[in-house]
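Residue numbers (mature numbering (1 follows the signal peptide of the UniProt record, and there is no 0)): -21 to -1, 1 to 322.
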C-alpha cells in the first residue's frame, strides 16, 4: 500500500514553483524503475533528475541509479527553532545545496509569512500555494523527539500535519483535518506500507484520547517521540497514543519506522486528491471562509528537536544507507559517513 498522504501531497503540489518538479523529459522512478546515470536521483515525488530537488530532500535510494547517487543525509543536531518575532529560519529548496549550516529548514513548496507570533504556512485556491505549503528540516533525525507549537484553521478539505518522513518511505504523522477543531489523527508507515492509524472515538484497537476541551485553533504542543522500540504521540503534557515495535512483526521483519527522517510541517488541499482522501478530509474547502488573502493557515511558533542516535553508530557527519539489508527491519542498514551532503 502506498503512503497515500505523502503521495497526495507530492502530486497536489506539482504546480508549485518550489516543489521537486517533474520536467517532461524525466522518467518516473521506484524500486522497479531505477533512474539512469544521466538523471541519477529519484526524488521524493518519484521522478528522476539531478540537483537539489532530486538528490537532496528525501532522495529515494531504491529508485536512484545507485544508493550513493543521493547525497548523504546531514546528521541530527538537537536544536530549538523559533519562528517568533518575524524570524525566517528557512531557505527555498531550489537554492539549497545540502549544507545544513545554511538554514535549519527548507521551504519545499508553497508560501509562508513571518510574523510576531510565528510563521503562517498557507494553502490557497490558486497561485503558488494552491496545493499547499511544506517546510522540512535540513538535518535528519534517527530516533529522538520533536515538538511543534502550532495552531491551525479547521476547515473541510484542508490537512494540517507534523510528519517524520524518511527516504525509504518510513513515516510518522499527526494530522488534523475536517472542520472539526477536535480533529487529531495519528498514523505511521513502514517502507510506504501503512501499519496503523487512529483518531479519537473510532473504536479501533489503539484509539487516541484527547484532553477535555482540546481545540486545534488554539496554541498547543504537538510531540512525536520515536525510539527503537516505540512511538509515542503527545499533546501538551498528555500521552495520546503509544505504538510498540514488538507488535509490528510480520513476514519475518519488524515493520516499524527505522530509517533517518526529516521533520516536516505542512498544510495541503486534500480536495485535489483521490475521492477517498477528499472524503476523509471532509470534502471541498469552503473558500468563502478563507482569510482576506484567500488562504487557510497552519501557524507555527517553534520547533524543538532532541536527537537520540543509536549508540551503535560510529562518528561521522552524516547518515547513509548501506547496500546491505538490516535483518530486523528489512530496510537498508543505516551507517554514518563523511561523504558529502551537498550537490
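Just so it is clear, CB atoms sit at the ideal spot from N, CA and C, and this is done for glycine as well.
As the structure is a computational prediction, the values presented were derived from the model and not from experiment.
Query: Any idea which residues DSSP pairs residue 141 with across the strands?; Result: 153, 244
Query: Using only alpha-carbon positions, find the residue among 298, 113, 83, 225 that is nearest to residue 68.; Result: 83
Query: At which residues does the alpha helix (DSSP H) containing residue 257 begin and terminate?; Result: 254 to 259
Query: Helix or strand or just coil, what does DSSP make of residue 333?; Result: Residue 333 lies beyond the range of the chain shown here (-21 to 322); nothing can be said about it.
Query: Give the straight-line distance between the Cα atoms of residue 316 and residue 120, rounded to the nearest whole angstrom.; Result: 15 Å
Query: Considering residue 286, what are the terminal residues of the alpha helix (DSSP H) in which it resides?; Result: Where residue 286 is concerned, there is no enclosing alpha helix (DSSP H), although the beta strand (DSSP E) it sits in stretches over 274 to 286.
Query: Taking the continuous alpha helix (DSSP H) assigned at residue 31, which residues delimit it?; Result: 31 to 34
Query: List the whole-angstrom C-beta distance separating residue 144 from residue 243, where the pair is believed to meet the contact cut-off of C-beta under 8 Å.; Result: 6 Å
Query: To the nearest angstrom, report how far apart residue 292 and residue 158 are at their CA atoms.; Result: 44 Å
Query: Which same chain residues, not among the five before or five after residue 130, have their C-beta less than 8 Å away from its C-beta?; Result: 195, 196, 197, 198, 199, 277, 278
Query: Could you compute how far the alpha carbon of residue 224 sits from the alpha carbon of residue 109?; Result: 37 Å
Query: For residue 259 and residue 111, which I take to be in contact (beta-carbon distance under 8 Å), what is that distance rounded to the nearest angstrom?; Result: So it is not a contact: roughly 16 Å between Cβ atoms.
Query: First and last residue of the beta strand (DSSP E) that includes residue 72?; Result: Per DSSP, residue 72 belongs to no beta strand (DSSP E) and is neither H nor E.
Query: To the nearest angstrom, report how far apart residue 234 and residue 272 are at their CA atoms.; Result: 43 Å
Query: Leaving out the 5 sequence neighbours to the left and right, which residues in its chain are closer than 8 Å to residue 237 when beta-carbon positions are compared?; Result: 149, 169, 207, 305, 307, 308, 310, 313
Query: Under 9 Å between the Cβ atoms of residue 85 and residue 36?; Result: yes
Query: Suppose the cutoff is 8 Å on Cβ atoms and the five residues either side in sequence are ignored; what does the same chain contact list for residue 94 look like?; Result: 65
Query: For the beta strand (DSSP E) holding residue 311, just list the boundary residues, first then last.; Result: 311 to 316
Query: To the nearest angstrom, report how far apart residue 81 and residue 75 are at their CA atoms.; Result: 8 Å
Query: Whole angstroms is fine: what's the gap from residue 173's alpha carbon to residue 152's?; Result: 11 Å
Query: Could you give the C-beta distance for residue 339 and residue 25, rounded to a whole number, given that I count them as a contact under 8 Å?; Result: Missing from the structure shown is residue 339; the chain here goes from -21 to 322 and no further.
Query: Check each candidate in 269, 51, 128, 47 and name the one with the smallest Cα separation from residue 282.; Result: 128
Query: Identify every residue that forms a DSSP beta bridge with residue 222.; Result: 210
Query: If you follow the beta strand (DSSP E) that residue 251 is in, where does it begin and where does it stop?; Result: Looking at the DSSP string, residue 251 is not in any beta strand (DSSP E), and its letter there is neither H nor E.
Query: So, with DSSP's three-state summary, where would you put residue 44?; Result: coil
Query: Between the Cα of residue 73 and those of 60, 34, 268, 124, spot the shortest distance and give me the residue it belongs to.; Result: 34
Query: Between the C-alpha atoms of residue 262 and residue 136, what's the straight-line distance to the nearest angstrom?; Result: 5 Å
Query: Which residue from 212, 192, 123 puts its Cα closest to that of residue 287?; Result: 123
Query: Within 10 angstroms of its Cβ, does residue 188 collect 16 or more other Cβ (buried), or is it exposed?; Result: exposed
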